[in-house]
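Numbering (this note's numbering), first residue to last: 5 to 252. We put the beta carbon where it would ideally sit given N, CA and C, even for glycine.
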């Protein structure tokens, strides 16, 4: 539990120390660029992982389009959001489940709003569509977004899966924004965190992150079903994880 205690204390201290800057940004948001705002969260994420000796190896950054994209990420650890923020090369908003624990979290929820994260209601289709439209609008205005389309931790949904089934409706964000989709595969992150609750055991392990080739199929063929596209993306992620596991 020592790693977890260090990690948790660092979140309290780290985010509390951002309060003065948070206040300045909220008062005069136009004086701060997206990069300046995002860098606060990215630094916190990188320092948090370093503190508990979770080392990232990042592959495929050279494949990333310069234009705004929708990042699609597999999700097998409670620490994946830290891994995501530490790995990307640009400001992003994240599509987050509209649950009180995430929406009402002190300080962190304020920063989430500032980086244009979007909360999505998965129980109400009408509200969910509004969130998809909002996320697509962010991309159309030049701000990349990220989703975890499994909708929950992989092993919670399917204990035997390397990547579980997608909620493919989330991919509609890229259809509406007419932007590329970039699959981002996080390998070995399941071993970083034991448990499903906010309190768990953190392990010091190496994690590999790989950005796959950008996908444009849905732009070229808007009638392509998101279910088919989602299966193709999921299969490509599974193949990369299998390759990684063979080397391990």
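Taking the alpha-carbon positions, what's the residue 194 to residue 96 distance?
Taking the straight line from one Cα to the other gives about 23 Å.
In chain order, what residues of the same chain have a beta carbon less than 7 Å from the beta carbon of residue 241, not counting five sequence neighbours either side?
Contacts found: 78, 167, 187, 189.
Would you call the region 147–161 in contact with the region 64–82, where contact means no fewer than 3 C-beta pairs closer than 8 Å?
When Cβ pairs closer than 8 Å are counted between the two stretches, the region 147–161 is seen to touch the region 64–82, the count reaching three or more.
Consult DSSP for residue 148 and reduce its assignment to one of helix, strand or coil.
Here residue 148 sits in strand by DSSP.
Cβ of residue 11 within 7 Å of Cβ of residue 56?
Going by beta carbons, residue 11 and residue 56 fall inside the 7 Å limit.
Taking 7 Å as the cut-off, decide whether the C-beta atoms of residue 76 and residue 151 are in contact.
A Cβ-Cβ contact shorter than 7 Å links residue 76 with residue 151.
Expressed to the nearest angstrom, what Euclidean distance is found between the alpha-carbon atoms of residue 139 and residue 31?
Rounded to whole angstroms, residue 139 to residue 31 spans 24 Å at the Cα level.
Taking buried to mean at least 16 other C-beta atoms within 10 Å of its own C-beta, is residue 196 buried or exposed?
Per the 10 Å Cβ criterion, buried.
Which partner residues does residue 42 have in the DSSP bridge list?
According to DSSP, which records beta bridges pairwise, residue 42 is partnered with nothing at all.
Identify, in the order they occur along the chain, each residue of the same chain with its Cβ nearer than 7 Å to the Cβ of residue 112, setting aside the five sequence neighbours on each side.
Excluding sequence positions up to five before and after residue 112, its CB lies within less than 7 Å of the CB of 19, all in the same chain and listed in chain order.
Name the DSSP bridge partner or partners of residue 189?
Partner(s): 214.
Thinking C-beta only, is residue 116 closer than 7 Å to residue 172?
Residue 116 is positioned such that its CB atom lies no closer than 7 Å to that of residue 172.
Might you give, ordered along the chain, the residues of its own chain that have their beta carbon closer than 7 Å to the beta carbon of residue 68, omitting 5 neighbours on each side?
If the five residues before and after residue 68 are omitted, its C-beta is found closer than 7 Å to the C-beta atoms of 93, 186, 215, all from its own chain and listed in chain order.
Please state the DSSP three-state secondary structure of residue 197.
Reduced to three states, the DSSP call for residue 197 is strand.
Could you tell me which of 134, 119, 205 sits nearest to residue 126, measuring between CA atoms?
Relative to residue 126, the option among 134, 119, 205 whose CA is nearest is 134.
Quick one: what's got a C-beta closer than 8 Å to residue 154's C-beta in the same chain, skipping five residues either side?
Close CB contacts of residue 154 within its chain, under the 8 Å cut and outside five residues either way in sequence, are with 78, 79, 161, 167, 168, 169, 170, 171 (chain order).
In whole angstroms, what is the alpha-carbon distance linking residue 14 and residue 52?
Using only the alpha carbons, I get a separation of about 7 Å.
Start and end of the alpha helix (DSSP H) containing residue 100?
Per DSSP, residue 100 belongs to no alpha helix (DSSP H); it is in the beta strand (DSSP E), 96–101.
Buried or exposed (CB count within 10 angstroms, at least 16 for buried), residue 227:
By the 10 Å Cβ count, residue 227 comes out exposed.
Closest residue to residue 144 among 174, 176, 182, 165 (Cα-Cα distance)
Scanning 174, 176, 182, 165 for the CA closest to the CA of residue 144 turns up 182.
Beta-carbon separation of residue 184 and residue 73 under 7 Å?
Cβ atoms of residue 184 and residue 73: closer than 7 Å.
Check whether the Cβ atoms of residue 88 and residue 41 sit closer than 7 Å, and answer yes or no.
The answer is no: Cβ separation not under 7 Å.
Out of 142, 249, 33, 102, which has the shortest C-alpha to C-alpha gap to residue 177?
Answer by Cα proximity: 142.
Residues near residue 180 by beta carbon distance below 6 Å, same chain, minus five either side
For residue 180, where only same-chain residues beyond five positions count, the Cβ hits under 6 Å are 140.
Once the 5 residues before and after residue 191 are set aside, which same chain residues still bring their CB inside 6 Å of it?
Once the five neighbours on either side are set aside, the close Cβ partners of residue 191 are 212, 245, 248.
Figure out for me which residue from 35, 110, 66 has the closest Cα to the Cα of residue 218.
The candidate whose alpha carbon is nearest that of residue 218 is 66.
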